[in-house]
Amino acid sequence: MGWIRNVVFILLTLLAVLFGLVLYWHNSVFVFDGPDNGFLLTKTESVRYSAYLPAFYIHIVTGSIILISGVFQISKWIRAQYPAWHRASGRVYIFIILIFTAPSGLVMAAYANGGLAAGLGFALLAVLWWFFTLKGFRNAIHKNLDIHREFMLRSYALTFAAVTLRLYSFLLALVGFRGESIYILIAWLSWVPSLIVMEIYLRQKTSRQVKA
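Using our numbering, read the sequence shown as starting at 22 and increasing by one per residue.
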């Protein structure tokens with residue numbers, strides 16, 4: 022089964038790098054490219070001088086960094102071969118999420134297309150993301166490394182919402198979803214299935230360890 026993990030890791034790395042670069046370049050350059058910016062804004066002029074715009078740029082820049090750096094935190098090989106680098110990059114990942122990316126995501130949720138239903142989905146994502154990352158950090162400090170890894174895997178499952186959001190939005194648009202309905206669906210689809218899959222994986226892993 023080791024080759025499966027390697028293939029998954031390579032795919033995650035490629036997706037993270039690709040979407041991290043696209044996330045930064047496309048959204049930073051084209052934030053005001055038209056009257057409707059999908060998940061970002063409905064009326065750009067209404068938020069140009071609000072808290073949204075600073076939060077948006079903070080979220081995009083820092084989100085690109087953690088999306089790329091975070092994928093290397095889940096590699097057992099990197100942890101074993103380069104522990105100092107793993108710890109240093111891990112501190113950067115945790116600091117950026119706790120101070121910048123998750124709080125800015127919470128601000129952006131208040132302006133989300135799709136109304137309260139979509140805003141609540143993105144707000145809950147930001148809160149859980151911040152919480153899981155903090156729990157991972159605290160358990161690392163107290164040397165509870167198994168629990169630390171579990172919470173950091175949950176954290177990265179939510180970090181990867183930057184990728185799944187765009188994948189699901191493309192697929193839903195492809196099958197005919199339009200307007201407010203797609204915003205509401207993506208606000209929850211972008212992270213809930215990923216978190217459920219991660220929880221199943223963690224429970225199965227714990228079960229195997231107990232049996233062993």
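Glycine is no exception: its CB is placed at the ideal position from the N, C-alpha and C atoms.
Would you mind reading off the limits of the alpha helix (DSSP H) that contains residue i?
i	result
Trp151	136 to 162
Gln234	A query on residue 234 cannot be resolved here, the shown segment of the chain reaching from 22 to 233 and no further.
Ser176	166 to 180
Ile115	104 to 117
Ala130	123 to 130
With DSSP run on the structure shown, which of helix, strand or coil describes residue i?
i	result
Ala76	helix
Gly197	coil
Gln225	helix
Trp209	helix
Val82	helix
Lys190	The displayed chain sequence assigns Ser, not Lys, to residue 190. Residue state, collapsed to three classes: helix.
Ser71	coil
Ala133	coil
Determine, using beta carbons only, whether residue i and residue j come nearer to each other than 8 Å.
i	j	result
Tyr189	Leu210	yes
Leu174	Met219	yes
Leu179	Leu145	no
Leu119	Thr154	yes
Gly91	Tyr114	yes
Roughly how far, in whole angstroms, is the beta-carbon of residue i from the beta-carbon of residue j, given that I think they are within contact range, below 8 Å?
i	j	result
Ile221	Ala138	Incorrect: roughly 26 Å between the Cβ atoms, too far for contact.
Phe267	Ala130	Given that the chain is displayed from residue 22 to residue 233, the structure contains no residue 267 and the question cannot be resolved.
Ala123	Trp151	4 Å
Ser215	Ala182	7 Å
Ile217	Leu186	16 Å between Cβ atoms; not a contact.
Ala133	Gly140	4 Å
Counting only beta-carbon atoms, is residue i nearer than 8 Å to chain B?
i	result
Leu210	Given the protein chain composition of this structure (a single chain), no chain B is represented.
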